[in-house]
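Asker: The structure is given below, and queries will be raised subsequently.
Protein chains: 2
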Amino acid sequence: MTSISKIAEMANVSKMTVSNVINKKYSKVSKKTRERIEKILEETNYTPNLFARTLKSNESKIIMLAIPQTMENDPYKNKAFNNPFYGELINSIEYNLRKSGYFFMFRFINGHEVLQKLIINWNIDGVIVLGAIKHEMDTIFKDIKVPSVFLDSYIDTDDKDVIVTDDEQGGFIATEHLIKSGRRKIGIVVSSLKDIGVASKRYYGYKKALKKYQLPFDSKKVFEGFPSLEFGNQIGQYIKEHKERFDALFVYSDIMALSMINGFKNHGIKVPEEVAVIGFDGLYIGELSEPKLTTVKQDITLKGEKAVNLLLSKLNGQSVSAEHHYLPVELVIRESV
Amino acid sequence: MTSISKIAEMANVSKMTVSNVINKKYSKVSKKTRERIEKILEETNYTPNLFARTLKSNESKIIMLAIPQTMENDPYKNKAFNNPFYGELINSIEYNLRKSGYFFMFRFINGHEVLQKLIINWNIDGVIVLGAIKHEMDTIFKDIKVPSVFLDSYIDTDDKDVIVTDDEQGGFIATEHLIKSGRRKIGIVVSSLKDIGVASKRYYGYKKALKKYQLPFDSKKVFEGFPSLEFGNQIGQYIKEHKERFDALFVYSDIMALSMINGFKNHGIKVPEEVAVIGFDGLYIGELSEPKLTTVKQDITLKGEKAVNLLLSKLNGQSVSAEHHYLPVELVIRESV
DNA sequence: CTGAAAGCGCTTACAG
DNA sequence: CTGAAAGCGCTTACAG
Chain A
38 MTSISKIAEM ANVSKMTVSN VINKKYSKVS KKTRERIEKI LEETNYTPNL FARTLKSNES
98 KIIMLAIPQT MENDPYKNKA FNNPFYGELI NSIEYNLRKS GYFFMFRFIN GHEVLQKLII
158 NWNIDGVIVL GAIKHEMDTI FKDIKVPSVF LDSYIDTDDK DVIVTDDEQG GFIATEHLIK
218 SGRRKIGIVV SSLKDIGVAS KRYYGYKKAL KKYQLPFDSK KVFEGFPSLE FGNQIGQYIK
278 EHKERFDALF VYSDIMALSM INGFKNHGIK VPEEVAVIGF DGLYIGELSE PKLTTVKQDI
338 TLKGEKAVNL LLSKLNGQSV SAEHHYLPVE LVIRESV
Chain B
38 MTSISKIAEM ANVSKMTVSN VINKKYSKVS KKTRERIEKI LEETNYTPNL FARTLKSNES
98 KIIMLAIPQT MENDPYKNKA FNNPFYGELI NSIEYNLRKS GYFFMFRFIN GHEVLQKLII
158 NWNIDGVIVL GAIKHEMDTI FKDIKVPSVF LDSYIDTDDK DVIVTDDEQG GFIATEHLIK
218 SGRRKIGIVV SSLKDIGVAS KRYYGYKKAL KKYQLPFDSK KVFEGFPSLE FGNQIGQYIK
278 EHKERFDALF VYSDIMALSM INGFKNHGIK VPEEVAVIGF DGLYIGELSE PKLTTVKQDI
338 TLKGEKAVNL LLSKLNGQSV SAEHHYLPVE LVIRESV
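Order-wise, the sequence lines are chains A and B. Here the first sequence is numbered in this note's numbering, starting from 38 and rising by one per residue. Here the second sequence is numbered in this note's numbering, starting from 38 and rising by one per residue.
Written out as structure tokens, the structure reads:
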């Protein structure tokens with residue numbers, strides 16, 4: 038491995054001069070020296086050691102995507118990333134970071150870890166946090182001293198940068214669409230309502246729509262769970278047994294909605310004739326289902342891009358005060374309602 | 038930020054003693070000193086700077102997942118990670134690395150980059166390469182000097198560690214299952230056959246099965262493309278127009294198979310009655326489709342685990358000679374054949 | 001059991 | 001325009 042000092046030796050100059058050439062501080066180097074050094078750099082295939090650079094400059098160019106792991110994260114037990122949402126988001130974040138010359142570190146953070154430790158460990162320049170909930174701000178995300186952007190997080194603090202989809206509005210238009218299509222007995226499927234997050238915001242939107250159209254809210258029509266064949270079958274069976282009480286379901290994610298539709302099929306419930314189903318996300322797989330999934334679409338790729346851009350503007354000091362962005366949602370009507 | 042020297046000052050000892058306590062080299066420190074230092078470490082919430090450590094020790098604990106980007110990788114144009122395969126794999130790799138105390142860096146590598154540069158940049162301890170093809174070994178993956186594992190890569194070198202699914206066997210049993218179910222006019226859909234890779238191996242298996250059962254091979258029944266609504270519709274239309282020539286399709290991935298089934302629906306082709314479809318991967322979404330997708334299942338989570346374990350065994354010098362692993366496939370019969 | 005010192009590969013005031 | 005030197009935070013022979 039060629040180091041600066043080796044290059045300096047070969048070129049018969051000081052390390053500083055080499056460093057100046059590498060960092061393109063050309064005003065400090067004569068053209069002749071510069072060209073001689075550049076040639077050697079080229080020949081020796083010099084590659085800087087970014088650890089050394091970071092140690093000195095305190096700029097690592099590493100951005101971390103941190104996902105708090107709320108439940109068991111052994112992928113054998115919980116394939117969290119079954120949901121293509123994650124792949125699409127990660128794809129976008131990696132691309133946008135790389136385009137700007139940053140490196141992408143990715144990590145689930147379990148409840149016992151404190152993100153700030155990892156940040157110091159690696160001199161992380163900035164952090165994108167996905168799906169944080171309020172109480173985690175006092176534990177996992179305590180004392181984060183680098184620029185950070187909270188994605189899909191409802192953390193109830195004004196001084197943090199936050200990007201979310203307009204989840205409440207999304208829940209509202211989903212439910213409103215069901216109502217406008219003539220449904221009156223509308224259930225909802227979410228992950229967990231224990232904490233305020235994406236799921237509960239969409240749930241608020243659901244309740245808001247019911248209220249606006251003077252439909253009664255019934256807590257027995259609220260189902261909490263995670264996408265799986267079992268859960269879909271369970272809800273399918275329940276609705277089969279209480280058919281008179283349901284004519285529609287708002288499901289808070291597409292992957293979950295497809296799981297529900299599957300459960301309905303298994304129990305002979307016709308979608309949308311007997312029970313209409315509307316999802317949330319607008320994933321590609323929703324276009325492939327039978328019936329094709331009506332859903333509330335969010336632009337996941339854009340979300341990743343926004344997160345990176347906001348973070349980088351923080352890093353560059355272009356944006357100082359905290360920003361809160363609400364990304365728009367869009368109703369996509371297909372066949373399941 | 039507390040550094041070792043600050044701690045040393047507070048404890049009235051040398052930096053070396055602090056370092057020994059941090060690294061649990063207890064034989065070199067008296068119990069009394071050790072406890073005093075540990076208390077200070079605790080109180081000051083000391084976190085080591087891993088850049089400094091790496092600079093000295095040359096062990097970064099960073100593992101990189103490198104994916105060569107064969108085509109345009111702007112996620113606005115090509116949502117590569119639409120395929121939940123990637124999410125599941127990344128999930129598993131991250132988990133298994135973290136469990137072993139490693140950090141996970143993730144990056145697409147475009148054709149102009151050389152991975153070895155990135156490795157030197159970051160002192161990467163090891164690399165997992167996903168989906169490399171032969172000629173990339175002379176460009177992108179030239180001169181990799183750290184332990185590396187090639188996943189889903191057919192690179193034709195004995196001295197590299199390789200983990201692949203038994204793709205040829207998978208293609209064979211998929212096609213054989215179609216034949217045994219009475220189909221004789223079997224097409225195949227793959228990504229690209231230009232290079233030897235996962236797609237072409239599955240294609241060889243397809244040809245092998247045709248041969249074994251003395252069915253003619255017809256190059257007009259081979260379709261190359263990428264999963265999208267358009268491609269599904271295109272194939273749907275083609276098969277509609279040449280209905281007499283098809284009664285089954287082996288599709289090299291589940292996400293692509295679902296795209297085909299969608300195209301068939303749009304053109305009124307009944308699956309499996311008119312054309313049977315078998316996929317490859319065994320993703321969750323295949324259980325949700327209509328009809329449920331018959332497929333060749335691979336264990337993606339296991340694949341990620343194997344990749345990490347093999348790489349770590351290389352790092353620890355437990356495994357010296359190159360290993361080639363073939364992961365088993367399994368026929369999962371559902372409804373689409 | 002403990003310390004002083006060198007060194008990993010870089011950058012950056014400072015001096016000339 | 002160029003160099004000598006200090007220093008980023010750590011580890012590691014070496015000496016006592």
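Positions of the beta carbon are idealized from the N, C-alpha and C atoms, including for glycine.
#1: Taking the straight line between their C-alpha atoms, what separation do you get for residue 90 of chain B and residue 271 of chain A?
#2: Within the same chain, show all residues whose beta-carbon is closer than 8 Å to that of residue 33 of chain A, passing over the 5 residues directly before and after it, in chain order.
#3: Taking a Cβ distance cut-off of 7 Å, strictly less, list which residues of the region 146–169 of chain A are near chain B, in chain order.
#4: Run down chain B in chain order and give the residues with a C-beta less than 8 Å from the C-beta of residue 140 of chain A.
#5: Can you give me, in chain order, the residues of the region 109–122 of chain A that have a beta carbon less than 8 Å from any beta carbon in chain B?
#6: Give a single yes or no on whether residue 120 of chain A has its beta carbon closer than 7 Å to a heavy atom of the ligand MG.
#7: Kindly list the residues whose CB is nearer than 7 Å to the CB of residue 63 of chain B, restricted to its own chain and excluding five residues on each side of it in sequence; keep chain order.
#8: For the beta strand (DSSP E) holding residue 261 of chain B, just list the boundary residues, first then last.
#9: Is residue 157 of chain B helix, strand or coil by DSSP?
#10: Between the alpha carbons of residue 39 of chain A and residue 46 of chain A, how many angstroms are there, rounded?
#11: Pick helix, strand or coil for residue 221 of chain A, following the three-state DSSP scheme.
#12: Distance check for residue 44 of chain B and residue 50 of chain B, CA to CA, integer angstroms please.
#13: Give a yes or no on whether the C-beta atoms belonging to residue 106 of chain A and residue 146 of chain A are separated by under 8 Å.
#14: Quick one: using the 10 Å Cβ neighbour count with 16 as the cut-off for buried, is residue 334 of chain B buried or exposed?
#15: Is the Cβ of residue 135 of chain A closer than 8 Å to any Cβ of chain B?
#16: Out of B:189, B:287, B:192, point me to the one whose CA is closest to residue 222 of chain B's CA.
#17: If you draw a straight line from the alpha carbon of residue 258 of chain A to that of residue 224 of chain A, how long is it in whole angstroms?
#18: Kindly indicate if chain A contains any beta-carbon less than 8 Å away from that of residue 286 of chain B.
#19: Are residue 359 of chain A and residue 189 of chain A touching if we call contact CB-CB under 8 Å?
#20: Assuming residue 344 of chain B contacts residue 186 of chain B under a Cβ cut-off of 8 Å, what Cβ separation, rounded to an integer in Å, is found between them?
#21: Please report whether the beta-carbon of residue 322 of chain B lies at a distance below 8 Å from any beta-carbon of chain A.
#22: List in chain order: all unbroken beta strand (DSSP E) runs of 3+ residues lying wholly within the region 269–340 of chain A.
#23: Apart from the five residues just before and just after residue 131 of chain B, which ones in its own chain have a Cβ nearer than 6 Å to its Cβ?
#24: In the DSSP assignment, the alpha helix (DSSP H) including residue 74 of chain A goes from what residue to what residue?
#25: Quick check: residue 129 of chain B and residue 337 of chain B, are their CB atoms within less than 8 Å of each other?
#26: Near residue 74 of chain A, which residues of its chain fall below 8 Å by C-beta distance, leaving aside the five closest residues on each side in sequence?
#27: Using a Cβ distance threshold of 8 Å, determine whether the region 302–314 of chain B contacts the region 302–311 of chain A, with at least three qualifying pairs required.
#28: Between the Cα of residue 148 of chain B and those of B:203, B:173, B:81, B:264, spot the shortest distance and give me the residue it belongs to.
#29: With a threshold of 16 other CB atoms inside 10 Å of the CB of residue 214 of chain B, please say whether the residue is buried or exposed.
#30: On the CB-based measure, 16 or more other CB atoms within 10 Å of its CB, does residue 95 of chain A come out buried or exposed?
#31: Report buried or exposed for residue 355 of chain B, applying the criterion of at least 16 other Cβ atoms within 10 angstroms of its Cβ.
#32: Using a 10 Å radius around the Cβ and a threshold of 16 neighbouring Cβ atoms, would you call residue 243 of chain B buried or exposed?
#33: Tell me whether residue 103 of chain A sits in a helix, a strand or coil according to DSSP, three-state version.
Answerer: Quick answer:
#1: Locating residue 90 of chain B in the second sequence gives position 53, where the first residue counts as 1. Locating residue 271 of chain A in the first sequence gives position 234, where the first residue counts as 1. The straight-line gap from Cα to Cα measures roughly 52 Å.
#2: With chain A covering only 38 through 374, there is no way to say anything about residue 33 of chain A.
#3: 154, 157, 158, 159, 160
#4: The count along the first sequence starts at 1 and reaches residue 140 of chain A at position 103. Within chain B, the residues near residue 140 of chain A are 142, 144, 159.
#5: Of all residues in the region 109–122 of chain A, those with a C-beta nearer than 8 Å to a C-beta of chain B are 110, 111, 112, 113, 116, 117, 118, 119, 120, 121, reading in chain order.
#6: The ligand MG is absent from the structure shown, which contains no ligands of any kind.
#7: As a first step, residue 63 of chain B is located in the second sequence; it is residue number 26 there, counting from the start. The answer, listed in chain order, is 71.
#8: Numbered from 1 along the second sequence, position 224 holds the residue referred to as residue 261 of chain B. Taken as a continuous stretch (DSSP letters only), the beta strand (DSSP E) holding residue 261 of chain B covers 259–261.
#9: By one-based count along the second sequence, residue 157 of chain B stands at place 120. Correct three-state label for residue 157 of chain B: helix.
#10: Position 2 of the first sequence, counted from the start, is the residue given in the question as residue 39 of chain A. Position 9 of the first sequence, counted from the start, is the residue given in the question as residue 46 of chain A. Near 11 Å, if we compare the C-alpha coordinates of residue 46 of chain A and residue 39 of chain A.
#11: Taking the first sequence and counting its residues from 1, the one referred to as residue 221 of chain A is at position 184. Looking at residue 221 of chain A - three-state DSSP - the assignment turns out to be coil, as it is neither helix nor strand.
#12: Along the second sequence, read from residue 1 onward, the residue named residue 50 of chain B stands at position 13. Along the second sequence, read from residue 1 onward, the residue named residue 44 of chain B stands at position 7. Taking the straight line joining both Cα atoms gives about 8 Å.
#13: Mapped onto the first sequence, residue 106 of chain A falls at position 69. Mapped onto the first sequence, residue 146 of chain A falls at position 109. In this structure, residue 146 of chain A lies closer than 8 Å to residue 106 of chain A by Cβ.
#14: If you number the second sequence from 1, residue 334 of chain B lands on position 297. Residue 334 of chain B should be labelled buried.
#15: For the purposes of this step, residue 135 of chain A is taken as the residue at position 98 of the first sequence. Taking Cβ atoms only, chain B reaches closer than 8 Å to residue 135 of chain A, which makes this a yes.
#16: For the purposes of this step, residue 222 of chain B is taken as the residue at position 185 of the second sequence. Cα-wise, what sits closest to residue 222 of chain B is B:287.
#17: Translated into positions along the first sequence, residue 258 of chain A becomes position 221. Translated into positions along the first sequence, residue 224 of chain A becomes position 187. If I take the Cα positions, the gap works out to 5 Å.
#18: Position 249 of the second sequence holds residue 286 of chain B. Closer than 8 Å: no.
#19: Within the first sequence, numbered from 1, the residue matching residue 359 of chain A stands at position 322. Within the first sequence, numbered from 1, the residue matching residue 189 of chain A stands at position 152. No.
#20: Reading the second sequence from its first residue, position 307 is the one you call residue 344 of chain B. Reading the second sequence from its first residue, position 149 is the one you call residue 186 of chain B. Rounded, the Cβ-Cβ distance is 5 Å, consistent with contact.
#21: As a first step, residue 322 of chain B is located in the second sequence; it is residue number 285 there, counting from the start. Closer than 8 Å: yes.
#22: The qualifying runs are 285–288, 313–318, 331–334.
#23: Translated into the one-based positions of the second sequence, residue 131 of chain B becomes position 94. These residues qualify, in order along the chain: 141.
#24: Along the first sequence, one-based indexing puts residue 74 of chain A at 37. Here the alpha helix (DSSP H) through residue 74 of chain A covers 68–81.
#25: Numbered from its first residue, the second sequence carries residue 129 of chain B at position 92. Numbered from its first residue, the second sequence carries residue 337 of chain B at position 300. Cβ distance < 8 Å, so residue 129 of chain B and residue 337 of chain B count as in contact.
#26: The residue given as residue 74 of chain A occupies position 37 in the first sequence. 44, 48, 50, 54, 55, 58, 66.
#27: no
#28: Looking up residue 148 of chain B in the second sequence gives position 111. The option with the nearest alpha carbon to residue 148 of chain B is B:173.
#29: The sequence position of residue 214 of chain B within the second sequence is 177, counting from 1. Classification of residue 214 of chain B: buried, given that the 10 Å Cβ count is 16 or more.
#30: Sequence index remark: in the first sequence, residue 95 of chain A carries index 58 (1-based). Answer is exposed; the Cβ neighbour count stays below 16.
#31: Against the second sequence, residue 355 of chain B aligns to sequence position 318. Looking at its Cβ environment, which holds fewer than 16 other Cβ atoms inside 10 Å, residue 355 of chain B is exposed.
#32: On the second sequence, residue 243 of chain B is found 206 positions in, with the first residue counted as 1. With 16 or more other Cβ atoms within 10 Å, it is buried.
#33: In the first sequence, counting from the first residue as 1, residue 103 of chain A sits at position 66. Strand at residue 103 of chain A.
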